[in-house]
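Undergrad: Let me begin by handing over the structure; questions about it come next.
There are 2 protein chains.
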Amino acid sequence: MPSAQPTAYPSTDRTVPTRSRERASYDRELVHAVLDEGYLCHLGFLRDGAPVVLPTLYARVGERLYVHGSTGSRPLRGAGAAPGLAVCLTVTHLDGLVLARSAFHHSVNYRSVVVHGTAFQVTDPEERSLALDAIVEQVMPGRADDSRRANAKELAATAVIRLDLLEVSAKVRSGGPNDEPEDLELPYWTGVLPVARTYGTPIPADDLAPSIALPGYLSGE
Amino acid sequence: MPSAQPTAYPSTDRTVPTRSRERASYDRELVHAVLDEGYLCHLGFLRDGAPVVLPTLYARVGERLYVHGSTGSRPLRGAGAAPGLAVCLTVTHLDGLVLARSAFHHSVNYRSVVVHGTAFQVTDPEERSLALDAIVEQVMPGRADDSRRANAKELAATAVIRLDLLEVSAKVRSGGPNDEPEDLELPYWTGVLPVARTYGTPIPADDLAPSIALPGYLSGE
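Line by line, the protein sequences give chains A and B.
According to my numbering, the residues represented by the first sequence are 1 to 221, in order.
According to my numbering, the residues represented by the second sequence are 1001 to 1221, in order.
Have a look at this one:
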């Protein structure tokens, strides 16, 4: 499949930023890498003509993104309607705080992906199962096989929507501050404070049987 | 000022969720606490009738949120137009991955705030300065006084928009998994994997003079 795909997404009016164009990329591998490192996105859609942005989980499967939720949730109902739901799905990894000598040149290091498109409800049972597994696996690789899969009642209560990767851009800022030459002698500390998402020690549920050991995907073994 | 304010934001059609209403809160203190812990939001707005979601920095000053950017950026230009810009500003803190015995009851612990409203450009020079300082301070308390403030040219290139906290809700999920009674004997590890944003060792810029020590707000002293 990869050999048949161009290495970059086409750039369009809405994926070319007005600012900091040098930070934008349409490279497929970069887009995939940013998406694959995360699992929490911010999904934007319209409700009564106004924008709404909600945090939600996602998974990437090839050139498709999946999001799930209750069949009663508003965006997912919208995606079930005939023309689909216009959405913007954004994933952001914050990598560092860039402390320049001037307030103006303060910045953050980050990698983000913005996907524009139309989301549709997935109705095919096989694709729905695949998508739900993928969301569990995106958050915690190894977990889909190490938990009880959804039964018929749970599947009926779960909506799955799909957004194809067609109109996509990544944006990356990395490296140190870019101060003005005339500021270089100012007496302020300057550099980058790295930021990362980290995980603590797993907390077993109160009712976990003591005989059940911590799985390898949680112990890092 | 606090004594004159009700302790909760009014709930409206669009701040009452269709799902998991028990997780929603309009408590002013909670909303402020969630906003104050962060500095990166996802800002949703419309462009040519379609939703756009972009990551950006923000600051809270009392009942106002400020966002800044280049005067050339699209959302900020929109906020400068007469009726303002309809936006949704969302802040999310991910606190844990909730691994239930069933895939269906997998969840995440989080605290989020969603603000709906109309953003306006700030033109008053004093409010603009205050907002720009506040954004630097929101990201790194102590830094506004320890960097060069914006000069006239930089101020002219910077747009500041304001969004008042009028239509606001918080949503919180905490605690362990909620498995079905019939799943309690399943042989899967269950519990919570804590997630946090953490900071690494500050990396000085290549051209930092060795005589400039790490400031207290970075060394934690």
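By construction, the Cβ of each residue, glycine as well, lies at the ideal position given by its N, Cα and C atoms.
Nothing here was measured: the structure is a model prediction, and the numbers come from that model.
1) Cβ closer than 9 angstroms: which chain A residues qualify as neighbours of Arg1128(B)?
2) Is the beta carbon of Thr118(A) closer than 8 angstroms to that of Leu76(A)?
3) Applying a beta-carbon distance threshold of less than 9 angstroms, which residues of chain B neighbour Leu218(A)?
4) Give the range of the beta strand (DSSP E) segment to which Asp36(A) is assigned.
5) Strictly under 8 angstroms for the Cβ-Cβ distance: is Val168(A) near chain B by that measure?
6) Provide the residue(s) that pair with Thr1222(B) in DSSP beta bridges, ordered along the chain.
7) Closest to Cys1088(B) by CA distance: which of Phe1104(B), Val1168(B), Gly1200(B) is it?
8) Could you check which residue in Pro125(A), Asp124(A), His116(A), Ala134(A) has the C-alpha nearest to that of Thr12(A)?
9) Name the residue from Thr158(A), Gly44(A), Arg28(A), Thr15(A) whose alpha carbon lies nearest to the alpha carbon of Arg64(A).
10) Nearest chain A C-beta to His1068(B) closer than 8 angstroms, yes or no?
11) Chain B beta carbons: is any one of them nearer than 8 angstroms to that of His106(A)?
12) Shorter than 8 angstroms from the beta carbon of Tyr26(A) to some beta carbon of chain B?
13) Would you kindly check if the distance between the Cβ of Thr1071(B) and the Cβ of Ala1159(B) is under 8 angstroms?
14) So what does Glu167(A) bridge to, in DSSP terms?
15) Pick from Pro1187(B), His1068(B), Val1195(B): whose alpha carbon is nearest that of Arg148(A)?
16) Please list the partners that Pro1051(B) has in chain A, where partner means a Cβ-to-Cβ separation under 7 angstroms.
17) In terms of residue numbering, what span does the alpha helix (DSSP H) encompassing Ser1129(B) cover?
18) In terms of residues, what are the limits of the alpha helix (DSSP H) holding Gly1078(B)?
19) Under a Cβ-count criterion, where at least 16 other Cβ atoms within 10 Å of its own Cβ denotes burial, should Leu1166(B) be classed as buried or exposed?
20) For the candidate residues Asp95(A), Leu218(A), His106(A), Pro125(A), whose alpha-carbon lies nearest to that of Glu180(A)?
21) Any beta-carbon of chain A closer than 8 angstroms to the one on Arg1014(B)?
22) Out of Arg1047(B), Ala1079(B), Ala1100(B), Leu1214(B), which one is the CA nearest neighbour of Val136(A)?
23) Determine whether the Cβ of Phe1120(B) lies closer than 8 angstroms to any Cβ atom of chain A.
24) So which residues of chain B does Gly176(A) contact, with C-beta pairs closer than 8 angstroms?
25) Going by the CB atoms, is the gap between Ile212(A) and Val1192(B) shorter than 8 angstroms?
26) How would you write the range of the beta strand (DSSP E) that Ser70(A) sits in, first residue to last?
27) So Pro1215(B) contacts chain A; which residues on that side make the cut at Cβ distance below 7 angstroms?
28) Taking all protein chains shown into account, decide if Met1(A) is buried (16 or more other Cβ within 10 angstroms of its Cβ) or exposed.
29) Would a C-beta distance cut-off of 8 angstroms place Gly176(A) and Asp1206(B) closer than the cut-off?
30) What residues in the region 1134 to 1150 of chain B bring their beta carbon closer than 9 angstroms to a beta carbon of chain A?
31) Using a Cβ cut-off of 7 angstroms, pull out every chain B residue sitting near Leu186(A), in sequence order please.
32) Tell me the start and end of each unbroken beta strand (DSSP E) in the region 1173 to 1205 of chain B that is at least 3 residues and wholly inside, in chain order.
33) Taking CB distances under 8 angstroms as the criterion, tell me whether Ser1073(B) reaches chain A.
34) Return yes when the Cβ of His93(A) is within less than 8 angstroms of the Cβ of Gly38(A), no when it is not.
35) Just to make sure I have the definition right: I need the residues of chain A whose C-beta is within less than 7 angstroms of the C-beta of Tyr1058(B). Which are they?
36) Does the separation of the CB atoms of Ser1112(B) and Arg19(A) fall below 8 angstroms?
TA: Once the coordinates are examined:
1) The sequence position of residue 1128(B) within the second sequence is 128, counting from 1. The contacting residues do not exist; Arg1128(B) stays about 12 angstroms from chain A at best.
2) Along the first sequence, one-based indexing puts residue 76(A) at 76. Along the first sequence, one-based indexing puts residue 118(A) at 118. No, they are not a contact pair.
3) To locate residue 218(A), count along the first sequence from 1; it is residue 218. Here the neighbours are Leu1099, Trp1189, Gly1191, Leu1193.
4) Here the question's residue 36(A) lines up with position 36 in the first sequence. Per DSSP, Asp36(A) belongs to no beta strand (DSSP E); it is in the alpha helix (DSSP H), 28 to 37.
5) Here the question's residue 168(A) lines up with position 168 in the first sequence. Taking Cβ atoms only, chain B never reaches closer than 8 angstroms to Val168(A), which makes this a no.
6) Outside the shown range of chain B, which is 1001 to 1221, sits residue 1222(B), and nothing can be said about it.
7) Counting from 1 along the second sequence, the entry for residue 1088(B) is found at position 88. Of the listed residues, the one whose Cα sits closest to Cys1088(B) is Val1168(B).
8) Locating residue 12(A) in the first sequence gives position 12, counting from the first residue. Here the closest residue by C-alpha is His116(A).
9) Numbered from its first residue, the first sequence carries residue 64(A) at position 64. The shortest C-alpha separation from Arg64(A) is found at Arg28(A).
10) Position 68 of the second sequence holds residue 1068(B). Not one chain A Cβ lies under 8 angstroms of His1068(B).
11) Taking the first residue of the first sequence as 1, we reach residue 106(A) at position 106. For His106(A), the answer is yes, since a Cβ of chain B falls inside 8 angstroms of its Cβ.
12) By one-based count along the first sequence, residue 26(A) stands at place 26. No - not a single Cβ of chain B is within 8 angstroms of the one on Tyr26(A).
13) On the second sequence, position 159 is the one that residue 1159(B) refers to. On the second sequence, position 71 is the one that residue 1071(B) refers to. In this structure, Thr1071(B) lies closer than 8 angstroms to Ala1159(B) by Cβ.
14) For the purposes of this step, residue 167(A) is identified with residue 167 of the first sequence, where counting begins at 1. Partner(s): His116(A).
15) On the first sequence, residue 148(A) is found 148 positions in, with the first residue counted as 1. Nearest option by C-alpha distance: Pro1187(B).
16) Here residue 1051(B) is taken as the residue at index 51 of the second sequence, counted from 1. Within chain A, the residues near Pro1051(B) are Gly44, Phe45, Leu46, Pro51, Ala86, Val87, Cys88.
17) Reading the second sequence from its first residue, position 129 is the one you call residue 1129(B). Element bounds for Ser1129(B): 1125 to 1139.
18) As a working mapping, residue 1078(B) is identified with position 78 in the second sequence. Unbroken alpha helix (DSSP H) run through Gly1078(B): 1074 to 1080.
19) Along the second sequence, one-based indexing puts residue 1166(B) at 166. Label assigned to Leu1166(B): exposed.
20) Walking along the first sequence from the start, residue 180(A) turns up at place 180. For the residues Asp95(A), Leu218(A), His106(A), Pro125(A), the minimum Cα distance to Glu180(A) belongs to His106(A).
21) Taking the second sequence and counting its residues from 1, one reaches residue 1014(B) at position 14. Closer than 8 angstroms: yes.
22) Translated into positions along the first sequence, residue 136(A) becomes position 136. Considering only alpha carbons, the answer is Ala1100(B).
23) On the second sequence, residue 1120(B) is found 120 positions in, with the first residue counted as 1. It does not: the Cβ of Phe1120(B) has no partner Cβ on chain A nearer than 8 angstroms.
24) Translated into positions along the first sequence, residue 176(A) becomes position 176. Neighbours of Gly176(A) on chain B, chain order: Ile1203, Ala1205, Asp1206.
25) Sequence index remark: in the second sequence, residue 1192(B) carries index 192 (1-based). Sequence index remark: in the first sequence, residue 212(A) carries index 212 (1-based). For Val1192(B) and Ile212(A), no; Cβs fall outside 8 angstroms.
26) In the first sequence, counting from the first residue as 1, residue 70(A) sits at position 70. Element bounds for Ser70(A): 64 to 70.
27) Counted from its first residue, the second sequence places residue 1215(B) at position 215. Correct list: Trp189.
28) Translated into the one-based positions of the first sequence, residue 1(A) becomes position 1. Residue placement at Met1(A) is flagged as unreliable, the pLDDT there being 49, under the threshold of 50; the coordinate-derived value follows with that caveat. Burial call: exposed.
29) In the first sequence, the residue the question calls residue 176(A) occupies position 176. In the second sequence, the residue the question calls residue 1206(B) occupies position 206. Yes, Cβ-Cβ distance for Gly176(A) and Asp1206(B) is below 8 angstroms.
30) Ile1135, Val1136, Val1139, Met1140, Arg1143, Ala1144, Asp1146, Ser1147, Arg1148, Arg1149, Ala1150
31) The residue labelled residue 186(A) in the question sits at position 186 within the first sequence. Within 7 angstroms Cβ-Cβ: Arg1148.
32) 1191 to 1199
33) Position 73 of the second sequence, counting from 1, holds the residue named residue 1073(B). Ser1073(B) counts as touching chain A.
34) Start at 1 with the first residue of the first sequence, and residue 38(A) comes out as number 38. Start at 1 with the first residue of the first sequence, and residue 93(A) comes out as number 93. Yes, they are a contact pair.
35) Within the second sequence, the letter at position 58 stands for residue 1058(B). In chain order: nothing, as chain A lies at least about 12 angstroms away.
36) As a position in the second sequence, residue 1112(B) is number 112, starting the count at 1. As a position in the first sequence, residue 19(A) is number 19, starting the count at 1. In this structure, Arg19(A) does not lie closer than 8 angstroms to Ser1112(B) by Cβ.
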